[in-house]
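Undergrad: Chains as they are written, first to last, in my numbering: chain A, 1447 to 1560; chain B, 44 to 155.
Input: one structure, supplied below.
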């Protein structure tokens, strides 16, 4: 499978715990995006990498969130001291530019904070 | 700031009907517009992408149109099937990162 993969698919945690999600983009894509989606809403942009550089962060990305993309390959998103409001689907997308101009999304990680 | 709106929020139709989903955006200076499908609890599948220079794009029973000047796009689904039941999202890239701004989606149910 050459698509975008995300792990884990589901994560249940208690409030205050730290969690980390992983995204493996399509191998030749140099751009990677993280989005968050809550029930009944469209995804909202969190952050963007071009290769290993994190170039853009949304105001949604509080200090408890950190993302990395070492060596410009896979990316991780960590949430520290989780809160119930962090419960959402976290989606990763990779983008290879022309000619498709399309962002390809992974299956997402569903986070539930109890 | 770009805002994207989708109407209706939910739609239920009998199998075989043709239907139209609507998407509007506030900033007409867009690179392209993309339609996605999302099944419950799953990620997004790209259906169609219309470049800003195009008026229409077709794939099978799907046809998407774009009117930049009025800030509107429509997704036309012909001869709907129960397997078309899903949430349909439209999105436009914006900002220096070309991150996607999404509408809230239209939840479509096609009844057998």
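Glycine included, every Cβ here is placed at the ideal spot set by N, Cα and C.
Assuming the contact rule is C-beta atoms closer than 8 Å, residue 1510 of chain A and residue 1526 of chain A should be a hit. Round their C-beta distance to whole Å, please.
TA: 5 Å
Undergrad: Using CA coordinates, which residue listed in B:45, B:46, B:114, B:54 is at the minimum distance from residue 149 of chain B?
TA: B:54
Undergrad: With distance defined between alpha-carbon atoms, name the residue in A:1550, A:1530, A:1524 nearest to residue 1454 of chain A.
TA: When only C-alpha atoms are compared, the closest one is A:1524.
Undergrad: I'd like to know whether the C-beta atoms of residue 1479 of chain A and residue 1544 of chain A end up nearer to each other than 7 Å.
TA: no
Undergrad: Please classify residue 1450 of chain A as buried or exposed, where buried requires at least 16 other C-beta atoms within 10 Å of its C-beta.
TA: buried
Undergrad: For residue 1467 of chain A and residue 1452 of chain A, which I take to be in contact (beta-carbon distance under 8 Å), what is that distance rounded to the nearest angstrom?
TA: 7 Å
Undergrad: Is it buried or exposed for residue 25 of chain B, if we count other Cβ within 10 angstroms and need 16 for buried?
TA: The shown model of chain B, from 44 to 155, leaves out residue 25 of chain B, and the question about it has no answer.
Undergrad: DSSP three-state label for residue 1500 of chain A, please.
TA: strand
Undergrad: CA-CA distance, residue 1506 of chain A and residue 1485 of chain A?
TA: In a straight line, the C-alpha of residue 1506 of chain A is about 16 Å away from that of residue 1485 of chain A.
Undergrad: Taking three-plus beta-carbon pairs below 8 Å as touching, is the region 120 to 133 of chain B in contact with the region 1528 to 1538 of chain A?
TA: no
Undergrad: Would you decide whether residue 63 of chain B is buried or exposed? Buried here means 16 or more other CB atoms lie within 10 Å of its CB.
TA: Exposure of residue 63 of chain B is indicated by the presence of fewer than 16 other C-beta atoms within 10 angstroms of its C-beta.
Undergrad: Let me confirm a value: residue 104 of chain B is counted as buried when at least 16 other C-beta atoms fall within 10 Å, else exposed. Which label applies?
TA: exposed
Undergrad: Under the rule that 16 or more other beta-carbon atoms within 10 Å means buried, what is residue 137 of chain B, buried or exposed?
TA: buried
Undergrad: Taking all protein chains shown into account, decide if residue 69 of chain B is buried (16 or more other Cβ within 10 angstroms of its Cβ) or exposed.
TA: exposed
Undergrad: So with Cβ pairs under 7 Å, would you call residue 65 of chain B a contact of chain A?
TA: Chain A, which has no Cβ nearer than 7 Å to the Cβ of residue 65 of chain B, makes this no.
Undergrad: Determine the DSSP secondary structure at residue 1573 of chain A, reduced to helix, strand or coil.
TA: Given that chain A is displayed from residue 1447 to residue 1560, the structure contains no residue 1573 of chain A and the question cannot be resolved.
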